[in-house]
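Number of protein chains: 2
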Amino acid sequence: MVTPMYRQIAEDLRGQIETGQLAPGGRLPTELELRAKYNNASRNTVRDAIKWLTALGLVATRPGQGTFVVEKIDPFITTLSGDPKTGFGGGEGTRYRSEVSSRKRTPKTSRIRVEIQEAAPEVVEKLGKPSGTVVISRHEKRYLDGTPWSMLTSFYLMDFVTRGAVRLTSPEDIPEGTVQYLADTLGIHQMGYRDWLAVRTPDGNEAEFFRLPPDGRTSIIEISRTAFDGNGQPMRLTVSVYPADRNQFLIDFGQVPEQEKDQET
Amino acid sequence: MVTPMYRQIAEDLRGQIETGQLAPGGRLPTELELRAKYNNASRNTVRDAIKWLTALGLVATRPGQGTFVVEKIDPFITTLSGDPKTGFGGGEGTRYRSEVSSRKRTPKTSRIRVEIQEAAPEVVEKLGKPSGTVVISRHEKRYLDGTPWSMLTSFYLMDFVTRGAVRLTSPEDIPEGTVQYLADTLGIHQMGYRDWLAVRTPDGNEAEFFRLPPDGRTSIIEISRTAFDGNGQPMRLTVSVYPADRNQFLIDFGQVPEQEKDQET
DNA sequence: GCAAATTTGTTCGTATGTATT
DNA sequence: CAATACATACGAACAAATTTG
Chain A
1 MVTPMYRQIA EDLRGQIETG QLAPGGRLPT ELELRAKYNN ASRNTVRDAI KWLTALGLVA
61 TRPGQGTFVV EKIDPFITTL SGDPKTGFGG GEGTRYRSEV SSRKRTPKTS RIRVEIQEAA
121 PEVVEKLGKP SGTVVISRHE KRYLDGTPWS MLTSFYLMDF VTRGAVRLTS PEDIPEGTVQ
181 YLADTLGIHQ MGYRDWLAVR TPDGNEAEFF RLPPDGRTSI IEISRTAFDG NGQPMRLTVS
241 VYPADRNQFL IDFGQVPEQE KDQET
Chain B
1 MVTPMYRQIA EDLRGQIETG QLAPGGRLPT ELELRAKYNN ASRNTVRDAI KWLTALGLVA
61 TRPGQGTFVV EKIDPFITTL SGDPKTGFGG GEGTRYRSEV SSRKRTPKTS RIRVEIQEAA
121 PEVVEKLGKP SGTVVISRHE KRYLDGTPWS MLTSFYLMDF VTRGAVRLTS PEDIPEGTVQ
181 YLADTLGIHQ MGYRDWLAVR TPDGNEAEFF RLPPDGRTSI IEISRTAFDG NGQPMRLTVS
241 VYPADRNQFL IDFGQVPEQE KDQET
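Residue numbers (our numbering), protein chains in the order written: chain A, 1 to 265; chain B, 1 to 265.
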């Protein structure tokens with residue numbers, strides 16, 4: 001079992017990165033310098049080694065500049081647990097803003113985009129409704145310190161609007177929260193929710209918005225929250241997507257002491 | 001803005017995969033056939049296209065056989081929420097076994113490996129103890145239908161053992177659960193826990209055990225569970241790792257109706 | 001602001017090695 | 001053992017992005 005040369009070069013560079021000889025943010029030798037260093041290997045072989053390290057997420061190359069050791073991103077931490085009756089948690093509404101400011105970040109939110117459409121198969125399934133059901137969706141993009149941080153889409157039955165919850169159709173923030181608004185307007189009370197979490201590769205939209213490298217190396221964390229009313233009926237679905245390279249999550253159960261949320265890796 | 005040829009080829013093949021012209025599990029044309037098909041491109045160019053699709057997780061190549069469209073894995077779904085006082089949830093003990101059997105899978109668990117050592121920095125931090133603290137760790141590997149599914153390591157203060165919880169040192173399962181055992185033996189009651197979830201690239205051990213492609217394409221979901229006793233003191237830390245390609249998670253808050261757990265993507 | 005130098009990106013060709021059937 | 005198919009490695013040329021003089 002021979003180890004290919006490009007892997008040996010990659011391993012050597014990896015060692016230098018992990019021991020700190022090559023500091024985060026620092027530049028690797030150029031391809032030509034690496035050629036000279038490693039037994040006059042071909043430029044393509046050196047490039048294969050760099051490609052390998054790129055796939056491992058250890059380095060990134062910038063055309064015309066060089067190859068750099070990637071710097072760890074200070075992750076944003078979202079608490080998924082919250083009061084089941086308000087739904088504040090998981091980056092929704094007020095809870096989102098307080099989490100963010102406690103970490104001295106500057107949040108920014110896009111305008112809300114409202115759409116009315118027949119629900120997609122995944123949506124009707126999670127809402128427990130027949131296919132063809134019409135829903136209203138509210139889509140929002142979120143930034144922290146100017147960095148794209150998450151995208152969020154909430155789906156409500158169009159029925160809610162016809163029964164009087166007309167502000168759902170307005171592309172404005174609902175300051176008291178949609179949960180409170182639905183309780184006030186329609187007497188529909190959120191009693192709990194189920195989060196479903198999966199990790200997958202980004203689609204084109206997500207890669208663009210989050211400015212991910214187009215090679216699909218950075219995964220997306222998708223969290224679908226189905227909220228239930230007092231009758232155990234699904235009342236809304238919120239789908240949030242987060243790039244895995246800059247997001248971590250906390251979930252509390254039972255009695256957990258208050259403490260700093262600033263724990264890092 | 002020109003699109004390189006290898007990307008055009010990759011896009012064309014990607015389209016064929018997504019429209020089902022190339023079925024999951026099916027074999028792509030050989031490199032030579034692809035050469036002929038795409039304007040007599042060089043074999044290296046065709047290989048670059050395949051490399052790109054590999055990075056996106058759409059295909060996998062097997063030496064001597066060919067390149068195949070990857071098949072989606074039926075994901076295993078773990079419920080993280082559970083009774084905070086037993087800690088059953090998140091794949092621990094009884095809950096794990098019932099989850100698994102409800103999905104008609106065959107679970108298997110490795111022997112437990114017990115180690116005593118000075119706690120690593122991340123461990124002392126999450127346990128809220130000074131560095132140099134001695135802990136006992138219990139490590140276990142889990143399989144479903146013969147497929148490696150998760151690895152789990154629990155850390156307890158060595159102090160627990162000296163105070164009488166000697167079965168922690170035994171590489172045997174503790175049938176009533178360690179939470180119950182600690183309550184019975186030491187009167188330490190688990191009142192809640194905090195889960196911390198992050199996604200990262202696998203290390204060498206993980207890649208080997210989960211049989212992941214060695215290029216770091218499949219991410220690892222790491223869930224650290226810190227459990228607290230009645231005084232709000234951390235009493236144990238459980239670190240679970242799951243390969244992201246075959247695991248999804250559910251978390252319930254408040255009142256959520258019982259329902260099938262077999263929801264897929 | 002422009003031109004040259006530097007550095008990475010793409011594409012070709014060729015030869016040989018290794019794994020599987 | 002032979003045929004097939006992917007893996008590694010070399011060399012070369014030109015393109016594109018960025019920095020430097």
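Ideal Cβ positions, reconstructed from N, Cα and C, are used throughout, including at glycine.
Here the structure is a predicted model, which means the values were calculated and not measured.
- For residue 208 of chain A against residue 112 of chain A, the beta-carbon gap comes to about 20 Å, at or over 8 Å, which does not count as contact.
- In this structure, DSSP gives residue 239 of chain B an extended state, which the three-state scheme calls strand.
- Here residue 202 of chain B is buried: its Cβ has 16 or more other Cβ atoms, across all protein chains shown, within 10 Å.
- The DSSP assignment places no complete alpha helix (DSSP H) segment of no fewer than 4 residues inside the region 48-87 of chain B.
- The C-alpha of residue 152 of chain B is placed about 8 Å away from the C-alpha of residue 142 of chain B.
- Closest option to residue 236 of chain B, judged by alpha-carbon separation, among B/167, B/169, B/31, B/190: B/190.
- Scanning chain B for C-beta atoms nearer than 9 Å to the C-beta of residue 160 of chain A yields nothing, as the closest lies near 20 Å away.
- Judged by pairs of C-beta atoms under 8 Å, the region 155-173 of chain A does not touch the region 209-226 of chain B, as fewer than three such pairs exist.
- Per DSSP, residue 115 of chain A is one residue of the beta strand (DSSP E) stretching across 113-118.
- A distance of 8 Å or more separates the beta carbons of residue 192 of chain A and residue 249 of chain B.
- Contact residues of the region 66-82 of chain A toward chain B are 75, 77, 80, 81, 82 (C-beta to C-beta distance below 9 Å).
- Contact check between the region 42-50 of chain A and the region 4-21 of chain A: three or more CB pairs, one atom from each, fall below 8 Å, which counts as touching.
- For residue 199 of chain B, there is no enclosing alpha helix (DSSP H); the enclosing beta strand (DSSP E) covers residues 190-200.
- Not flagged as an interface residue toward chain B: residue 210 of chain A, since no C-beta distance is shorter than 8 Å.
- In this model, residue 66 of chain A and residue 28 of chain A are separated by some 7 Å (Cα to Cα).
- In this model, residue 61 of chain B and residue 211 of chain B are separated by some 15 Å (Cα to Cα).
- Under the criterion of beta carbons closer than 8 Å, residue 140 of chain B and residue 178 of chain B do not qualify as touching, at roughly 12 Å.
- Beta-carbon to beta-carbon, residue 163 of chain B and residue 186 of chain B are separated by about 6 Å, close enough to satisfy the 8 Å threshold.
- Taking 8 Å as the cut-off, the Cβ atoms of residue 24 of chain B and residue 71 of chain B count as close.
- Taking the Cα of residue 20 of chain B as reference, the smallest distance to any Cα among B/127, B/58, B/30 is reached at B/58.
- Residue 156 of chain B carries a strand assignment under DSSP once its states are collapsed to helix, strand and coil.
- The distance from the Cβ of residue 256 of chain B to that of residue 228 of chain A is about 6 Å, consistent with a contact at the 8 Å cut-off.
- Burial state of residue 150 of chain A is buried, judged by a 10 Å Cβ sphere holding 16 or more other Cβ atoms.
- With respect to chain A, the C-beta atom of residue 191 of chain B has a partner C-beta closer than 8 Å.
- Within 10 angstroms of the beta-carbon of residue 39 of chain A lie fewer than 16 other beta-carbons, which makes it exposed.
- Cα atoms of residue 32 of chain B and residue 114 of chain B: separation of roughly 53 Å, rounded to the nearest angstrom.
- In the structure shown, residue 176 of chain A falls within a coil segment according to DSSP collapsed to helix, strand and coil.
- For a Cβ distance threshold of 8 Å, residue set 55, 217 of chain B lies close to residue 217 of chain A, ordered along the chain.
- Considering only A/242, A/180, A/176, the residue with the shortest C-alpha distance to residue 206 of chain A is A/242.
- When the Cα atoms are used, residue 78 of chain B and residue 258 of chain B turn out to be separated by approximately 15 Å.
- Interface annotation, residue 221 of chain A: in contact with chain B, CB-CB separation under 8 Å.
- In the three-state reduction of the DSSP assignment, residue 217 of chain A falls in the coil class, being assigned neither a helical nor a strand state.
- When DSSP states are grouped into helix, strand and coil, residue 126 of chain B belongs to the helix group.
- At least 8 Å separates the CB of residue 149 of chain A from every CB of chain B.
- Interface criterion not met: the Cβ of residue 155 of chain B is under 8 Å from no Cβ in chain A.
- Taking 8 Å as the cut-off, the beta carbon of residue 158 of chain A is found no closer than this to the beta carbon of residue 188 of chain A.
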